[in-house]
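Participant: Once you've had a glance at the structure underneath, I'll fire off some questions.
There are 2 protein chains.
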Amino acid sequence: MSKNIANYRDFVGAKADKFHKATLFQGENLMIGLNCLEPGQVQHVHEHAGQDKFYFVLEGVGLFTVGEEVTEVGPGHVVWAAASMLHGVENRGTERLTILMGIAPPPK
Amino acid sequence: MSKNIANYRDFVGAKADKFHKATLFQGENLMIGLNCLEPGQVQHVHEHAGQDKFYFVLEGVGLFTVGEEVTEVGPGHVVWAAASMLHGVENRGTERLTILMGIAPPPK
Chain R
392 MSKNIANYRD
402 FVGAKADKFH
412 KATLFQGENL
422 MIGLNCLEPG
432 QVQHVHEHAG
442 QDKFYFVLEG
452 VGLFTVGEEV
462 TEVGPGHVVW
472 AAASMLHGVE
482 NRGTERLTIL
492 MGIAPPPK
Chain U
392 MSKNIANYRD
402 FVGAKADKFH
412 KATLFQGENL
422 MIGLNCLEPG
432 QVQHVHEHAG
442 QDKFYFVLEG
452 VGLFTVGEEV
462 TEVGPGHVVW
472 AAASMLHGVE
482 NRGTERLTIL
492 MGIAPPPK
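Protein chains in written order, with my numbering: chain R, 392 to 499; chain U, 392 to 499.
Written out as C-alpha cells, the structure is:
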C-alpha cells in the first residue's frame, strides 16, 4: 500500500442526506479530495476567500456554477474557481457524479 | 467558450524532443496543467521546495517515482508529491501517457 499513490475508486461513496466527501492527500499548500453526488444532490454555491479550487469530472454529469456561468459538463472537464469566485455543483443526472477536486491552500 | 471550464482533450499534444506541457488554469495559489509523454519520454526526478504537487493519470501508464517509491500506475490513480519530495515519471508503455497535474503554489 503506497502512501503517495491512491486510486480514486477506493474513495467513492454515497450518503443519503448529503453528498459524500473524502480527502485523498493534504499538504501545507494543497488538498486533493473526492466528491460524490448522487442524483438530486447539490453542493450549494459558495466561495473560498483566498483559495483557488478545481473540480475534475470523473464520472457522471454535473451542472456547475462558477461566477455568472452555469454549464453542464461530463468526464474530462476541469472546472476552475479562482479565489473568491462563487461556485457550486448539482447532479441533475441519473447516475452518480464523481469529481476529483483540489483546494489551495487547503482548508484549515 | 468558457473561461472557467476546459476539456483536457483540447490540450493534448506531442513533441518529439521533450514531453508536452500545457497550462489549463493558473491562479494565485494553484496551477492546473496537462503533461503528455510519448512512449520513451521522461520527466526526470526533481523536487519543488515549498510546492505540493499531484499527478492524475488520464490515459496510458506511467512509472512514477516519489521519494523512495517507484510504481507503475494507469488511469484513475493520483500520485502525490508533497513539498520537497523528489518525484518524476517515465512512459515505458506503448501508448501516450496523459496526466492532469497541479502545483500549489504555482510556478512563478
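Where is the CB? At the ideal position from N, CA and C, for every residue including glycine.
Since we're looking at a predicted model, the values are computed, not measured.
With a cut-off of 9 angstroms, does the C-beta of U/N404 fall near any C-beta of chain R?
Facilitator: Here residue 404 of chain U refers to the residue found at position 13 when the second sequence is read from its first residue. The residue you asked about is not Asn; residue 404 of chain U is Gly in the sequence shown. No, no contact with chain R.
Participant: What does R/I396 reach in chain U if we use C-beta pairs closer than 9 angstroms?
Facilitator: Here residue 396 of chain R is taken as the residue at index 5 of the first sequence, counted from 1. Those are F455, V457, E460, T462, V464, H468, V469, V470 and W471, listed as they occur along chain U.
Participant: In three-state terms, what does DSSP make of R/F445?
Facilitator: What you label residue 445 of chain R is simply residue 54 of the first sequence in a count that begins at 1. Residue state, collapsed to three classes: strand.
Participant: Would you say the stretch 431-442 of chain R touches the stretch 470-481 of chain R, given that touching needs at least three Cβ pairs under 8 angstroms?
Facilitator: Touching, per the Cβ criterion.
Participant: Given this structure, state the Cα-to-Cα distance separating U/E459 from R/L425, to the nearest angstrom.
Facilitator: By 1-based counting over the second sequence, the position of residue 459 of chain U is 68. By 1-based counting over the first sequence, the position of residue 425 of chain R is 34. Those two C-alpha atoms are separated by around 26 angstroms.
Participant: For a contact defined as C-beta to C-beta under 8 angstroms, what are the partners of R/Q366 on chain U?
Facilitator: This structure leaves residue 366 of chain R out entirely; chain R is present only between 392 and 499.
Participant: So does the stretch 392-403 of chain U actually touch the stretch 481-494 of chain R, counting three or more Cβ pairs closer than 8 angstroms?
Facilitator: Contact between the stretch 392-403 of chain U and the stretch 481-494 of chain R is absent, because fewer than three Cβ pairs lie under 8 angstroms.
Participant: I'd like to know if U/I423 contacts chain R, where contact means its C-beta is closer than 9 angstroms to some C-beta of that chain.
Facilitator: Locating residue 423 of chain U in the second sequence gives position 32, where the first residue counts as 1. U/I423 counts as touching chain R.
Participant: Does chain R have any CB closer than 9 angstroms to the CB of U/A407?
Facilitator: Counting from one through the second sequence, the residue named residue 407 of chain U turns up at place 16. Output row for U/A407: interface = no.
Participant: Starting from R/T489, follow its DSSP beta bridges and name the residues at the other end.
Facilitator: Position 98 of the first sequence, counted from the start, is the residue given in the question as residue 489 of chain R. Bridge partners of R/T489: R/C427 and R/E450.
Participant: Check whether chain R comes within 9 angstroms of U/F410, counting only Cβ atoms and requiring the distance to be less than that.
Facilitator: For the purposes of this step, residue 410 of chain U is identified with residue 19 of the second sequence, where counting begins at 1. Chain R, which has no Cβ nearer than 9 angstroms to the Cβ of U/F410, makes this no.
Participant: Taking a contact to mean a Cβ-Cβ separation below 9 angstroms, would you say U/V448 touches U/P466 in this structure?
Facilitator: Counted from its first residue, the second sequence places residue 448 of chain U at position 57. Counted from its first residue, the second sequence places residue 466 of chain U at position 75. Taking 9 angstroms as the Cβ cut-off, U/V448 and U/P466 qualify as a contacting pair.
Participant: Looking only at C-alpha atoms, which of U/G441, U/S393, U/M422 and U/Q432 sits nearest to U/D408?
Facilitator: The sequence position of residue 408 of chain U within the second sequence is 17, counting from 1. The option with the nearest alpha carbon to U/D408 is U/Q432.
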